[in-house]
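Beneath this line is the structure, given in structure tokens, with notes to follow.
Number of protein chains: 2
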Amino acid sequence: MYFRRVKSYDFASLTCSNCRASSPPRLTDKLRLYHVDMNPYGHRVLLILEAKKAKYEVYRLDPLHLPEWFRVKNPRLKIPVLEIPTDQGDKFLFESVVICDYLDEKYPRNPLHSRDPYVKAQDRLLIERFNELIKGSLECFDTNFAFGSEQIVQTLDIFEKELAERGTNYFGGNKPGMLDYMIWPWVERLYLLRCINERKFDEKRSKFPNFADWGDQMQLDEVVKKHANSPSEYFEYYQNARTHSMGYYL
Amino acid sequence: MYFRRVKSYDFASLTCSNCRASSPPRLTDKLRLYHVDMNPYGHRVLLILEAKKAKYEVYRLDPLHLPEWFRVKNPRLKIPVLEIPTDQGDKFLFESVVICDYLDEKYPRNPLHSRDPYVKAQDRLLIERFNELIKGSLECFDTNFAFGSEQIVQTLDIFEKELAERGTNYFGGNKPGMLDYMIWPWVERLYLLRCINERKFDEKRSKFPNFADWGDQMQLDEVVKKHANSPSEYFEYYQNARTHSMGYYL
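Chains as they are written, first to last, in the UniProt record's numbering: chain R, 1 to 250; chain Z, 1 to 250.
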């Protein structure tokens, strides 16, 4: 994703100590994730790094004070970015889905994509289809958390039916796979709607029983727990993001 | 892609013999590609089917007379579609990039993606980046073939530098790989600009020497030749598409 929601801020005019900070040292054996706290696309990559038990460090970026070296290395200002040590120096990868597929191929332990090419292709289409819910959430969180975005409900309906058809606890089978982790960051955030209207939330929730059970189980997953935030933390974050017209990243 | 360029036509009001035609028989061993002639996304899939030496048949669709059964099976009216025979009946795949990656995984012969996960990830990013040229071509072909679309030139610049850096004849090395075939359909169409102004075309071409050589070599590739059209055929097609405000698909 781009930092496109930062509309009210002129990066070019910034002069601050952070912006002049020098770049982090060259990597040796670990990976490095450039991440903005609470960013759901970076959250995807954190889940996969964790699920694959990769060695990594996180370099936290403040989107309002991006260091100059980061802007030079990454002129399109994309986040998240994965830095990879290689014999030819450190290399960079962009786009959360591409980064996560890379990690799944690079680290054969605990394969997350199905070995069946057809199922893998279907999962990729569903990850793309989930973008509708992402758009719907953006709209919902941006309009005083209005309930009932059609985009959210329609997407949940597709995923509800898909789970029922697969007849498994997770999209990936008996444990979370790539599709589960790719959609999780936005589902974790949807629970913030319970902070606003519990009755309404539970009413909606009951329309998607398989998906609701899936969400309950995902929350118990060790990988998910490692990078989880509570509904009230998200609520506060998105509320402030709106109030202060800070850039935020859904 | 969707049939979104067909704006002037009301599918719902159609009654024609084609629309009532029954669906083709269930597959046995072959694949079936649902394709609209001259559609570049379907062209991608044809190239990969050919490169992988898969057994397939092509079901040609007339976008202005889509059969009812196709609309039922594929309510989002996506093309191309790959139909795959399985023990649980025929299954369908959408999205040219997903279909092509599926084919590369399903048919191990002549692997098209790099075995190096980092190079494969880079190639996926470049395929996505190429969408800028697709948008630029659409604009160019839609505005009386005006030269010099910035989007086209900027994208060609990226691919020119990439080829120079790789130092190989093809993006895939010493033979065309997935990235080569994924971008080829639109490059093949760009040659139609030579029909309009040869001097101007050659002037532009000379700014991208590596890419120009790559294009010359791609045209000699057996897979490419099998599904090639000439610049004048494309010119005529896109000219008519504009003149008659038919739906066309870039």
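From the three backbone atoms N, C-alpha and C, an ideal C-beta is built for every residue, glycine too. Just so we're clear, the structure is a prediction, and the values are computed from it rather than from any experiment.
Query: Residue burial classification, Z:N197 (beta-carbon count within 10 angstroms, cutoff 16); Result: exposed
Query: is_contact[Z:P117, chain R] using C-beta, thresh 7 Å; Result: yes
Query: Chain Z contacts made by the region 84-104 of chain R, where a contact means CB separation under 8 Å; Result: I84, T86, K91, L93, F94, E95, V98, I99, D101, Y102
Query: Three-state secondary structure (DSSP) of Z:Y9; Result: Any reading at Z:Y9 must be qualified, since the residue scores a pLDDT of 39, below 50, and its modelled position is unreliable; the value itself is stated next. Residue state, collapsed to three classes: coil.
Query: Three-state secondary structure assigned by DSSP to Z:R124; Result: helix
Query: Span separating the alpha-carbon of Z:L82 from that of Z:I48; Result: 12 Å
Query: 7 Å Cβ cutoff met for R:V58 and R:L33; Result: yes
Query: Within 7 Å, strictly: CB atoms of R:S162 and R:S149; Result: Reading off the sequence, residue 162 of chain R comes out as Glu, not Ser. No, the Cβ-Cβ distance between R:E162 and R:S149 is not below 7 Å.
Query: Rounded separation between Z:R44 and R:S232 - CA only; Result: 47 Å
Query: Beta carbon proximity, R:F3 to chain Z, threshold 7 Å; Result: With a pLDDT of only 46 at R:F3, under the threshold of 50, the placement of this residue in the model should not be trusted, and no figure is reported.
Query: Delimiting residues of the alpha helix (DSSP H) encompassing Z:V36; Result: Careful: Z:V36 lies outside any alpha helix (DSSP H) and carries neither H nor E.
Query: Alpha carbon of Z:Q219 to alpha carbon of Z:K225, nearest angstrom; Result: 6 Å
Query: Continuous beta strand (DSSP E) stretch holding R:F92: start and end; Result: 91-93
Query: Partner residues on chain Z for R:L125, Cβ-Cβ distance less than 7 Å; Result: F94, E95, V98
Query: Every unbroken alpha helix (DSSP H) inside the region 142-207 of chain R [4 residues or more]; Result: 150-166, 178-190, 198-205
Query: Collapsed DSSP secondary structure at Z:L103 in the structure displayed; Result: helix
Query: C-beta neighbour in chain Z for R:L106, strict 7 Å; Result: First, the residue type needs correcting, since residue 106 of chain R is Lys and not Leu in the sequence shown. Yes, R:K106 lies at the interface with chain Z (some Cβ there is under 7 Å from its Cβ).
Query: Among Z:P63, Z:P85, Z:G89, Z:D87, nearest to Z:L77 - alpha-carbon criterion; Result: Z:P63
Query: Option in Z:E188, Z:K175, Z:Q122 with minimal Cα separation from R:L93; Result: Z:Q122
Query: Whole-number beta carbon distance between R:L125 and Z:V119, since they are thought to touch under 8 Å; Result: About 24 Å; that fails the 8 Å criterion.
Query: Within chain R, the residues that Z:A54 reaches when beta carbons sit closer than 7 Å; Result: The contacting residues do not exist; Z:A54 stays about 13 Å from chain R at best.
Query: Proximity test, Z:A21 beta-carbon vs the ligand GDP heavy atom, cut-off 6 Å; Result: Summarising the ligand content, the structure contains no ligands, and the ligand GDP is consequently not present.
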